[in-house]
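Residue numbers for the sequence shown follow this note's numbering, beginning at 1 and rising by one. Glycine residues also receive a C-beta, built at the ideal position from the N, C-alpha and C atoms. Report on the structure given below.
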Amino acid sequence: MFSFWSWTLAAVLALAFAPLAMKMALSVGGSTLPVALVTALVAALLVCGWMLVRDKARRLPRMPWRQRMALLLVGALGSGLVPLFGILAMTETSASNRALFQSAYPAATALAARFLLGERLGPLSYVLIALVCTGLVLMNIEPGAGLSMLNWPFWLLLTTLPMIGLADVIAKKNLVDQPPEVVAAGRAVGGVLILALALPWALADLGNTLHAAWHWLLLGGVCMGVFAVALYQVFDRTEASLAASLVALAPVLTLAAEAALLGVSLHAWQWAGFALVLVALLWLGRRV
Numbered sequence: 001m002f003s004f005w006s007w008t009l010a011a012v013l014a015l016a017f018a019p020l021a022m023k024m025a026l027s028v029g030g031s032t033l034p035v036a037l038v039t040a041l042v043a044a045l046l047v048c049g050w051m052l053v054r055d056k057a058r059r060l061p062r063m064p065w066r067q068r069m070a071l072l073l074v075g076a077l078g079s080g081l082v083p084l085f086g087i088l089a090m091t092e093t094s095a096s097n098r099a100l101f102q103s104a105y106p107a108a109t110a111l112a113a114r115f116l117l118g119e120r121l122g123p124l125s126y127v128l129i130a131l132v133c134t135g136l137v138l139m140n141i142e143p144g145a146g147l148s149m150l151n152w153p154f155w156l157l158l159t160t161l162p163m164i165g166l167a168d169v170i171a172k173k174n175l176v177d178q179p180p181e182v183v184a185a186g187r188a189v190g191g192v193l194i195l196a197l198a199l200p201w202a203l204a205d206l207g208n209t210l211h212a213a214w215h216w217l218l219l220g221g222v223c224m225g226v227f228a229v230a231l232y233q234v235f236d237r238t239e240a241s242l243a244a245s246l247v248a249l250a251p252v253l254t255l256a257a258e259a260a261l262l263g264v265s266l267h268a269w270q271w272a273g274f275a276l277v278l279v280a281l282l283w284l285g286r287r288v
């Protein structure tokens, strides 16, 4: 129905604007828990709707209990805690920084697969992953005392790397025989369920957040859902390395849009870190 380039464009735009929409929701008065919960719910509705349209829901009753638990765990990590930590970090850092960490997730997955699944990773790949980490550090150094100026959003975003790596490894080990639509829907539902545990604390600010930022919440949720759907379509139509390389360019769009909307600017070393991460990821994508 759609071409490879249509799905690729959708994936890149969705990945670029999801963190920006959430940052905008926070900037107009949204609270972190309601932003995380509402965007996850919108994404889950969209992805589950896509699964129904594709007539893949019939696989759910036949899914073994172990796979269901694995799918919910993957969702809790990758679609629940990871976005929540990203939103918490964006109360103090930029959407571009969040997007850059987001683009580094394939490196985290490659490293997790190496140590947990025994997949081969060449010496150059380790060097490239080290360059990605170096770039992330440079991106988060503020003027002043150097490394001591790495603030808490950096460490919070850093914890999302092993979480997404673990989630992807669990999915790769336990869900390889399930259709992508089912995996995407299950991940989205798992994310909503884990975030719903915080509902008692989110209710107090939910009304005000919806009133102030409903359009940004809707955009953020739609972007998350579209990315979940489009990414699998891209991987189905081309080599994984090419798809990962194209999607890794999304932070460039995030930075351009955030500069226009919020006046974000980078210091010279942050530009160097930003570029280093993207170049290393593009190179790594050709090797894993």
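Would you mind giving the Cβ-Cβ distance between residue i and residue j, rounded to the nearest angstrom? I have them listed as a contact below 8 angstroms.
i    : j    : result
A259 : L278 : The pair is not a contact, with the Cβ atoms about 16 angstroms apart (cut-off 8 angstroms).
V74  : A171 : 5 angstroms
V182 : R59  : 5 angstroms
A230 : W7   : 5 angstroms
G191 : A40  : 5 angstroms
F274 : L117 : With 8 angstroms as the limit, F274 and L117 do not qualify as a contact, their Cβ atoms being about 30 angstroms apart.
L156 : N140 : About 11 angstroms separates the two Cβ atoms, so there is no contact after all.
A257 : A228 : Not confirmed; about 21 angstroms, so no contact.
A57  : N174 : About 19 angstroms; that fails the 8 angstroms criterion.
F17  : C223 : 5 angstroms
G221 : V38  : 7 angstroms
Do residue i and residue j have their C-beta atoms within less than 7 angstroms of each other?
i    : j    : result
G135 : L255 : no
A188 : A43  : yes
A21  : L195 : no
G225 : L77  : no
P153 : E92  : yes
A112 : L166 : yes
M24  : W216 : yes
A107 : V132 : yes
L138 : A272 : yes
T281 : S103 : Going by the sequence as given, residue 281 is Leu instead of Thr. Contact: yes.
A250 : L81  : no
P180 : Y232 : yes
Does the Cβ of residue i have 16 or more other Cβ atoms within 10 Å, making it buried, or fewer, making it exposed?
i    : result
V176 : exposed
F115 : exposed
P19  : buried
N208 : exposed
V53  : exposed
S31  : buried
S94  : buried
P61  : exposed
S3   : exposed
Y126 : exposed
V28  : exposed
P123 : exposed
W201 : exposed
P34  : buried
M51  : buried
G49  : exposed
State the DSSP-derived secondary structure class of residue i, mapped to helix, strand or coil.
i    : result
P64  : coil
H54  : According to the sequence as given, residue 54 is Arg; it is not His. R54 falls in the coil class under three-state DSSP.
V176 : coil
V28  : coil
I141 : coil
H267 : coil
N208 : helix
R187 : helix
R286 : coil
D3   : According to the sequence displayed, residue 3 carries Ser and not Asp. Correct three-state label for S3: coil.
L249 : coil
A198 : coil
L150 : coil
*Segments of 4+ residues assigned as alpha helix (DSSP H) that fall wholly inside the stretch 77 to 124*: 82 to 89, 95 to 103, 105 to 117
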